[in-house]
Amino acid sequence: MKAAVMGYGTIGSGVVEILEKNKDSIKNKAGEPIEVKYVLDIRDFSGDPIADKIVKDYSIIAQDPEISIVVETMGGVEPAYTFVKAMLEAGKHVATSNKALVADKGAELIALAREKQVNFLFEASVGGGIPIIRPINSCLTGDVIEEITGILNGTTNYMMTQMAEEGLEFDDVLKDAQAKGYAEKDPTADIEGHDACRKIAILTSLVCGQQVDFSDIHTEGITKISATDIKYAKAMGYAIKLLATSKKVGDTYMAMVAPHLLPVSHPLYTVNDVFNAIYVRGNMLGPAMFYGSGAGKLPTASAVVADMVDMAKHVDKNILLQWRPEKLELRDAGQGESIFFVRTNDAKEKVQEIFGDVKFVEIPEIGGEFGFITPVIKEEEFYKKIENVTTLSIIRVAE
Ligand code: HSE
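This note's numbering numbers the first residue of the sequence shown as 22 and each following residue consecutively.
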């Protein structure tokens, strides 16, 4: 079976490496060898073993009848979308690690793959090497999924862990993460929560079977978390994590990406460093947890290769994926209920007057301010009330 890899960056080169390193095992599992015939990239890679496989024109791959499987590891919506569409139209199976492409064009590409009786698979687009797309699409189909709560971004989880362990400020931890290659030069997508937002949009689309627009999801990043917030969190026995959540509410879902304070009893409390974890609650199964390497070359490439093997096993068959293009209207996040931790230098009496029965938190070495935790409160009601309080920090508390 001949394959092509579009994009020879970190993940694409990982795919080539795994296909070579695990050649015999992959051959056994796929039923025949999978061999890379082309690598599409604008660079030459002279001296690299794949140098003679480099092509610069995607139509060479699309027009080659020998190619049955194409991997897309370029990232971004364009030109990946144009190339992937051309491959599916040419009757080739496509595996991608590209969450931006899947979140934006997933429904359309799944429909096209079905029309052409090929497969468009994207296990690596959420949770890197952690199996989560396939479990949702096959293992958990006996359930109605009532909740997905995940730590879906390794960069920010590393940063939150470092802030907690080293007591450092956000900017210092970001520089460290960039120096170690965990954060990109432009870290916006990770630290503003956009990456986690696309991932929870993909998972929610799969559990509800229709399009969830990531732009509809209330998203807050970690940029406002400070070393002082971490001190309060520690004093209360909490960890701060960027959570991406999706909860079933009636016939729809309510989704959100935001930093949360997690108690020790929370299933995601111990997920540290670059690791990801996804808590899934089904109406029959109850809770399940998926944990592992959510990013990185070989873990992510491993999920892409697993998709390739699945395609080899279903070479003449489209695996049904339910993700209709009709948009799901998510429940407005303002209608949800949360518990909030607030730091303020206002008067305690005023806080009590506005919020009623709150729990105050004071740290002796931090003068001139205090924290308080609200009871469960409707989000829009909280934001209306908090307008009357001077706030230094606001973080939701997970139960
Ligand atoms: N920047 C992403 C992360 C890469 O840190 O999780 C994997 O999608």
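For glycine and all other residues, C-beta sits at the position ideal for the given N, C-alpha and C.
Here the structure is a predicted model, which means the values were calculated and not measured.
Using alpha carbons as the reference points, say which of G35, H335, E144 lies closest to A116.
Mapped onto the sequence shown, residue 116 falls at position 95. Considering only alpha carbons, the answer is E144.
Hey, how far is the Cα of S195 from the Cα of Y312? Taking the sequence shown and counting its residues from 1, the one referred to as residue 195 is at position 174. Taking the sequence shown and counting its residues from 1, the one referred to as residue 312 is at position 291. Checking the sequence, you will find Leu at residue 195 rather than Ser. If I take the Cα positions, the gap works out to 24 Å.
Inset, instruction - Starting from R135, trace the alpha helix (DSSP H) both ways and give me its first and last residue. - result: On the sequence shown, residue 135 is found 114 positions in, with the first residue counted as 1. It spans 120 to 136 - the alpha helix (DSSP H) in which R135 sits, taken as one unbroken run.
| Tell me which same chain residues have a C-beta within less than 7 Å of the C-beta of G112, skipping the five on either side of it? | If you number the sequence shown from 1, residue 112 lands on position 91. K137, V139.
From the DSSP output, read off the bridge partner residues of T170.
Mapped onto the sequence shown, residue 170 falls at position 149. Paired residues: T266, Y300.
If you run the structure through DSSP and keep just helix, strand and coil, what is T162? By one-based count along the sequence shown, residue 162 stands at place 141. Of the three classes helix, strand and coil, the one that applies to T162 here is coil, per DSSP.
Worksheet item: Between the C-alpha atoms of I360 and C160, what's the straight-line distance to the nearest angstrom?
Response: On the sequence shown, residue 360 is found 339 positions in, with the first residue counted as 1. On the sequence shown, residue 160 is found 139 positions in, with the first residue counted as 1. So the two alpha carbons sit approximately 33 Å from each other.
### Task
Excluding the 5 residues preceding and the 5 following V278 in the sequence, name in chain order all residues of the same chain whose CB lies nearer than 6 Å to its CB.
For this step, residue 278 is matched to residue 257 along the sequence shown. Cβ within range, chain order: G214, A217, C218, T240, A265.
Any C-beta of chain B sitting closer than 8 Å to the C-beta of C160?
Here chain B cannot be found, since the structure has a single protein chain.
With distances taken between CB atoms, is the gap from I39 to A322 smaller than 8 Å?
As a first step, residue 39 must be located in the sequence shown, where it is residue number 18. As a first step, residue 322 must be located in the sequence shown, where it is residue number 301. Yes, they are a contact pair.
- Query: What runs of the beta strand (DSSP E), each 3 residues or longer, lie entirely inside the stretch 82 to 110?
  - Reply: 88 to 93
| message | Rounding to the nearest angstrom, what Cα-Cα distance links A73 and K206 in this structure? | response | For the purposes of this step, residue 73 is identified with residue 52 of the sequence shown, where counting begins at 1. For the purposes of this step, residue 206 is identified with residue 185 of the sequence shown, where counting begins at 1. Going by the sequence as given, residue 73 is Asp instead of Ala. One C-alpha to the other measures close to 31 Å.
Is the beta carbon of A260 less than 8 Å from the beta carbon of A185?
Looking up residue 260 in the sequence shown gives position 239. Looking up residue 185 in the sequence shown gives position 164. Against a cut-off of 8 Å, the Cβ pair of A185 and A260 comes out as a contact.
inquiry  = Does the beta-carbon of T365, which I'm using as the reference point, lie nearer than 7 Å to any heavy atom of ligand 1?
reply    = What you label residue 365 is simply residue 344 of the sequence shown in a count that begins at 1. No.
Span of the beta strand (DSSP E), counted from its first residue to its last, around P346:
Start at 1 with the first residue of the sequence shown, and residue 346 comes out as number 325. From DSSP, the beta strand (DSSP E) with P346 extends over 345 to 348.
Excluding five sequence neighbours on each side, which residues of the same chain lie with their C-beta closer than 6 Å to the C-beta of D328? By one-based count along the sequence shown, residue 328 stands at place 307. A116, L142, E144, listed in sequence order.
To which residues of the same chain is G127 closer than 6 Å at the C-beta, ignoring the five residues directly before and after it?
Your numbering for residue 127 matches position 106 in the sequence shown. Excluding positions up to five away in sequence, the list reads W344.
- Task: Would you identify the three-state DSSP class for Y179, choosing helix, strand or coil?
- Result: In the sequence shown, the residue the question calls residue 179 occupies position 158. In the structure shown, Y179 sits in a helix (DSSP, three-state: H, G or I).
Margin query: Among P70, L133, Q373, whose alpha-carbon lies nearest the alpha-carbon of V105?
Written below: As a working note, residue 105 is residue 84 in the sequence shown. Residue L133 is the option with its Cα nearest to V105.
With distances taken between CB atoms, is the gap from G202 to L173 smaller than 8 Å? In the sequence shown, the residue the question calls residue 202 occupies position 181. In the sequence shown, the residue the question calls residue 173 occupies position 152. Not closer than 8 Å, so no.
- Task: For the beta strand (DSSP E) holding M310, just list the boundary residues, first then last.
- Result: Taking the first residue of the sequence shown as position 1, residue 310 is located at position 289. Residues 307 to 314.
Quick check: the stretch 31 to 49 against the stretch 76 to 84, are at least 3 beta-carbon pairs closer than 8 Å? no
Using DSSP bridges, identify the partner residues of I416.
For this step, residue 416 is matched to residue 395 along the sequence shown. Its beta-bridge partners are F362.
Within 10 angstroms of its Cβ, does R64 collect 16 or more other Cβ (buried), or is it exposed?
In the sequence shown, residue 64 corresponds to position 43, counting from 1. R64 comes out exposed.
With burial defined as no fewer than 16 other Cβ atoms inside 10 Å of the residue's Cβ, what is the status of F381: buried or exposed?
Working through the sequence shown from its first residue, we reach residue 381 at position 360. So F381 counts as exposed.
Original post:
Is A276 helix, strand or coil by DSSP?
Top reply: By 1-based counting over the sequence shown, the position of residue 276 is 255. If DSSP states are grouped into helix, strand and coil, A276 belongs with the strands.
Where V60 falls, given that 16 or more other Cβ within 10 Å makes a residue buried: Here residue 60 corresponds to residue number 39 of the sequence shown, with the count starting at 1. Buried, since its Cβ has 16 or more Cβ neighbours within 10 Å.
* Cβ-Cβ distance between I223 and I238 below 8 Å -> Taking the first residue of the sequence shown as 1, we reach residue 223 at position 202. Taking the first residue of the sequence shown as 1, we reach residue 238 at position 217. No, the pair does not count as a contact, with Cβ atoms beyond the cut-off.
*Quickly, what does DSSP pair Q232 with across the bridge? List them, please.*
Walking along the sequence shown from the start, residue 232 turns up at place 211. Q232 pairs with K348.
Checklist entry - What does Y253 pair with, by DSSP beta-bridge criteria? => result The count along the sequence shown starts at 1 and reaches residue 253 at position 232. Beta-bridge pairing links Y253 to no other residue.
- How big is the Cα-Cα spacing for K406 and D378? Sequence index remark: in the sequence shown, residue 406 carries index 385 (1-based). Sequence index remark: in the sequence shown, residue 378 carries index 357 (1-based). Approximately 14 Å between the Cα atoms of the pair.
**Alpha carbon of I246 to alpha carbon of F191, nearest angstrom** = Counting from one through the sequence shown, the residue named residue 246 turns up at place 225. Counting from one through the sequence shown, the residue named residue 191 turns up at place 170. Near 7 Å, if we compare the C-alpha coordinates of F191 and I246.
Q. Heavy atom of ligand 1 less than 7 Å from the Cβ of T176, yes or no?
A. In the sequence shown, residue 176 corresponds to position 155, counting from 1. Correct: T176 has its Cβ closer than 7 Å to ligand 1.
Contact under 8 Å by Cβ, N304 with E420 = Taking the sequence shown and counting its residues from 1, one reaches residue 304 at position 283. Taking the sequence shown and counting its residues from 1, one reaches residue 420 at position 399. Not closer than 8 Å, so no.
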